[in-house]
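Undergrad:
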Amino acid sequence: MNASFDVVIVGGGVTGAAVGYGLAKRGVKTCLVDAVPTFSRASRANMGLIWCQSKALGCPQFVRWGFASSRAYGNLAAELKELSGIDTGYAPTGGIIPCLGEAELEARAQFIEKLRAETEDGTYPASVLSRKELEGMLPKVPFGPDVSGGIWSDMDGYVDPLHLMFAFRKSFVRLGGTLFAGERVSEVKPSGKGYTLVCGGRTLECGKVVLAAGLGVRKLAAQLGTDIPVFPNKSQVMLLERIPADVLPIPLLGIARTFGGTVMIGAAHENMGMDRRLTPEVLAANAQWAVRVWPELERKRILRFWTGLRVWPKDAYPIYDRIPGHENAFVFAMHSAVSLAAILEQALPDYVMGKPLPPDGAIFGLSRFAGGGSGFQGSAASSPHAEAPNK
Numbered sequence: 030m031n032a033s034f035d036v037v038i039v040g041g042g043v044t045g046a047a048v049g050y051g052l053a054k055r056g057v058k059t060c061l062v063d064a065v066p067t068f069s070r071a072s073r074a075n076m077g078l079i080w081c082q083s084k085a086l087g088c089p090q091f092v093r094w095g096f097a098s099s100r101a102y103g104n105l106a107a108e109l110k111e112l113s114g115i116d117t118g119y120a121p122t123g124g125i126i127p128c129l130g131e132a133e134l135e136a137r138a139q140f141i142e143k144l145r146a147e148t149e150d151g152t153y154p155a156s157v158l159s160r161k162e163l164e165g166m167l168p169k170v171p172f173g174p175d176v177s178g179g180i181w182s183d184m185d186g187y188v189d190p191l192h193l194m195f196a197f198r199k200s201f202v203r204l205g206g207t208l209f210a211g212e213r214v215s216e217v218k219p220s221g222k223g224y225t226l227v228c229g230g231r232t233l234e235c236g237k238v239v240l241a242a243g244l245g246v247r248k249l250a251a252q253l254g255t256d257i258p259v260f261p262n263k264s265q266v267m268l269l270e271r272i273p274a275d276v277l278p279i280p281l282l283g284i285a286r287t288f289g290g291t292v293m294i295g296a297a298h299e300n301m302g303m304d305r306r307l308t309p310e311v312l313a314a315n316a317q318w319a320v321r322v323w324p325e326l327e328r329k330r331i332l333r334f335w336t337g338l339r340v341w342p343k344d345a346y347p348i349y350d351r352i353p354g355h356e357n358a359f360v361f362a363m364h365s366a367v368s369l370a371a372i373l374e375q376a377l378p379d380y381v382m383g384k385p386l387p388p389d390g391a392i393f394g395l396s397r398f399a400g401g402g403s404g405f406q407g408s409a410a411s412s413p414h415a416e417a418p419n420k
């Protein structure tokens with residue numbers, strides 16, 4: 030079976046589905062091809078936090094990019110619900126990093142001040158909470174004796190990652206997009222004025238191709254002569270029994286109440302290749318940290334554990350670019366797609382259709398890795414652990 034489209038997107042996770050949805054909104058004839066079963070995708074390794082604070086020191090463009098996405102999320106969630114009927118669970122709750130001991134609180138406070146110093150107007154939407162202020166914001170959480178306070182930002186929030194992905198995909202189809210689920214693209218090659226893709230028994234022709242297949246972009250981009258420096262990063266997640274919504278209405282970095290009411294604990298970033306096995310010592314360390322923050326969790330029933338592989342560019346910052354030598358072939362790869370979904374849906378479809386990226390997104394091209402370069406310094410990720418207020 031042959032089919033022709035203006036744009037074919039390879040990868041139907043949050044990134045690919047967001048771009049597909051944005052293109053369909055613009056009336057572009059678009060096909061979304063997704064091979065990954067729902068149970069093994071990166072969204073399952075995500076706690077659903079829209080997390081913008083306390084990251085990316087040294088890269089103010091990424092800081093602004095994240096906050097822009099946070100501000101756009103409310104309209105996006107409402108739009109998706111109207112089109113798809115799916116509630117993404119979006120909640121602009123704000124977010125808190127709990128701190129253990131005065132040294133951690135001071136280190137994180139200093140980190141916030143460094144981020145503030147890099148802003149254009151000298152303001153940064155985060156503040157330090159004393160222990161008393163933290164208890165006032167979460168009065169039903171009996172914090173452990175080691176908790177000294179926290180870092181608060183009203184720009185953080187929560188969304189259910191899988192609901193978000195399905196809402197994008199259903200809305201995409203409602204707007205006229207074509208979705209081929211459960212089909213793996215095995216070949217992509219230039220042909221005529223565009224590209225030919227082979228997936229199963231189908232041959233797809235398109236004027237433009239977008240590679241948004243997570244860890245799969247490396248293999249696909251190699252067929253177009255480019256190495257994309259993305260690597261697997263393992264997350265290990267623990268799920269506890271349900272709690273009432275009013276107990277934890279604001280997510281803690283590393284401890285969050287899900288849309289369904291269960292408590293999710295996860296903190297580690299592990300570079301273990303494609304190894305998806307559970308690591309007992311890592312799970313134990315995460316649990317011990319969580320119990321120091323909130324001792325009552327020790328008495329909660331554990332429902333299950335699981336792992337997932339996140340997409341991790343070489344420097345942890347996103348990749349948005351044309352593939353060198355291919356004006357109409359694009360690669361989009363990142364670990365922070367859930368937090369950035371609202372800005373991706375706005376900016377990347379226009380980029381695919383020929384407009385420039387906004388300045389804060391335009392810096393995340395492949396040229397930063399030229400000649401074996403390591404990319405940007407600092408980190409685009411936040412960690413709840415004391416040893417990693419990102420440098």
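Residue numbers for the sequence shown follow our numbering, so the first one is 30 and each next one is one higher.
Every residue, glycine too, gets a C-beta built ideally from N, C-alpha and C.
Here the structure is a predicted model, which is why all the values come from computation and not from measurement.
#1: Are there 16 or more other CB atoms within 10 angstroms of the CB of Lys218, so buried, or fewer, so exposed?
#2: Rounded to the nearest angstrom, how far is the Cβ of Gly236 from that of Asp379, given a contact under 8 Å?
#3: Return the chain-ordered ranges of every beta strand (DSSP E) run that is complete within the segment 230 to 281 and spans a minimum of 3 residues.
#4: Measure the Cβ-Cβ separation of Gly103 and Glu374 and say whether it is below 9 Å.
#5: Three or more beta-carbon pairs under 8 Å between the segment 140 to 156 and the segment 177 to 192, yes or no?
#6: Could you tell me if Ser365 is buried or exposed, where buried requires 16 or more neighbouring beta carbons within 10 angstroms of its beta carbon?
#7: For the segment 42 to 62 and the segment 246 to 258, state whether three or more C-beta atom pairs, one from each stretch, are separated by less than 8 Å.
#8: Are the CB atoms of Cys81 and Ser403 nearer to each other than 9 Å?
#9: For Tyr224, does the three-state DSSP call read helix, strand or coil?
#10: Do you know whose CA, among Met293, Val320, Thr255 and Glu216, lies nearest Asp350's CA?
#11: Reducing DSSP to helix, strand and coil, say where Phe68 ends up.
#12: Residues in the same chain with beta-carbon distance under 8 Å from Thr122, minus the five sequence neighbours each way, listed in chain order, please.
#13: So the beta strand (DSSP E) Ile125 belongs to, where does it begin and stop?
#14: Please identify the residue among Gly42, Lys169 and Lys161 whose C-alpha is closest to the C-alpha of Gly178.
#15: By the DSSP assignment, the alpha helix (DSSP H) with Arg55 in it spans what residues?
#16: Within 10 angstroms of its Cβ, does Phe68 collect 16 or more other Cβ (buried), or is it exposed?
#17: Assign Trp318 to one of three DSSP states: helix, strand, or coil.
#18: May I ask you to report which of helix, strand or coil DSSP gives Asn357?
#19: Is Asn104 helix, strand or coil when you go by DSSP?
#20: Below 7 Å CB to CB, which residues in the same chain sit around Val93 once its five sequence neighbours on both sides are set aside?
#21: With three or more beta-carbon pairs closer than 8 Å as the criterion, would you say the segment 191 to 205 touches the segment 108 to 121?
#22: Tell me the DSSP secondary structure of Tyr380 in three-state form.
#23: Is Thr336 helix, strand or coil when you go by DSSP?
#24: With burial defined as no fewer than 16 other Cβ atoms inside 10 Å of the residue's Cβ, what is the status of Leu332: buried or exposed?
#25: In three-state DSSP terms, what is Gly40?
#26: Return yes when at least one heavy atom of the ligand SAH lies under 8 Å from the C-beta of Gly205, else no.
#27: Using the Cα positions of Leu144 and Gly87, report the straight-line distance between them to the nearest angstrom.
#28: So, at 7 Å on beta carbons, what are the nonlocal neighbours of Phe393 in its own chain, with the 5 sequence-adjacent residues on each side left out?
#29: DSSP on Val367, reduced to helix/strand/coil?
#30: I need the boundaries of the alpha helix (DSSP H) containing Asp389, first residue and last residue.
#31: Just tell me which of Thr336, Val227 and Val259 has its CA closest to the CA of Pro309.
#32: Which of the three DSSP states is assigned to Gly45 in this structure?
#33: Quick check: what's the CA-CA separation for Pro387 versus Glu135?
#34: Could you give the DSSP three-state label for Met293: helix, strand or coil?
#35: Return yes when the Cβ of Leu268 is within less than 9 Å of the Cβ of Phe334, no when it is not.
#36: Identify whether Gly186 lies in helix, strand or coil by the three-state DSSP scheme.
TA: Taking the geometry as given:
#1: exposed
#2: Between Asp379 and Gly236 the Cβ distance is about 16 Å, and since that is not below 8 Å, they are no contact.
#3: 231 to 240 and 259 to 269
#4: Gly103 places its beta carbon 9 Å or farther from that of Glu374.
#5: Result yes; three or more Cβ-Cβ pairs closer than 8 Å.
#6: When all chains shown are included, Ser365 counts as buried.
#7: The segment 42 to 62, when compared against the segment 246 to 258, does not touch it at the 8 Å Cβ threshold.
#8: In this structure, Ser403 does not lie closer than 9 Å to Cys81 by Cβ.
#9: strand
#10: Thr255
#11: Residue placement at Phe68 is flagged as unreliable, the pLDDT there being 48, under the threshold of 50; a coordinate-derived value is accordingly withheld.
#12: Asp185, Gly186, Tyr187, Pro278, Ile279 and Pro280
#13: Gly124 to Leu129
#14: Lys161
#15: Arg55 -> no alpha helix (DSSP H), and no H or E assigned at all.
#16: Only weak support exists for where Phe68 lies, its pLDDT of 48 falling under 50; the value from the coordinates is given anyway. The Cβ neighbour count for Phe68, taken over all protein chains shown within 10 Å, is under 16; the residue is labelled exposed.
#17: Residue state, collapsed to three classes: helix.
#18: coil
#19: helix
#20: The question names Val, yet the displayed sequence has Arg at residue 93. Taken in chain order, the residues that qualify are Asp389.
#21: The segment 191 to 205 vs the segment 108 to 121: in contact.
#22: Three-state result, Tyr380: helix.
#23: When DSSP states are grouped into helix, strand and coil, Thr336 belongs to the strand group.
#24: exposed
#25: Coil.
#26: The ligand SAH is not part of the structure shown, which contains no ligands of any sort.
#27: Leu144 and Gly87 have their alpha carbons spaced roughly 8 Å apart.
#28: Tyr346, Pro347, Ile348 and Tyr349
#29: helix
#30: Pro388 to Ala391
#31: Thr336
#32: helix
#33: 35 Å
#34: strand
#35: yes
#36: strand
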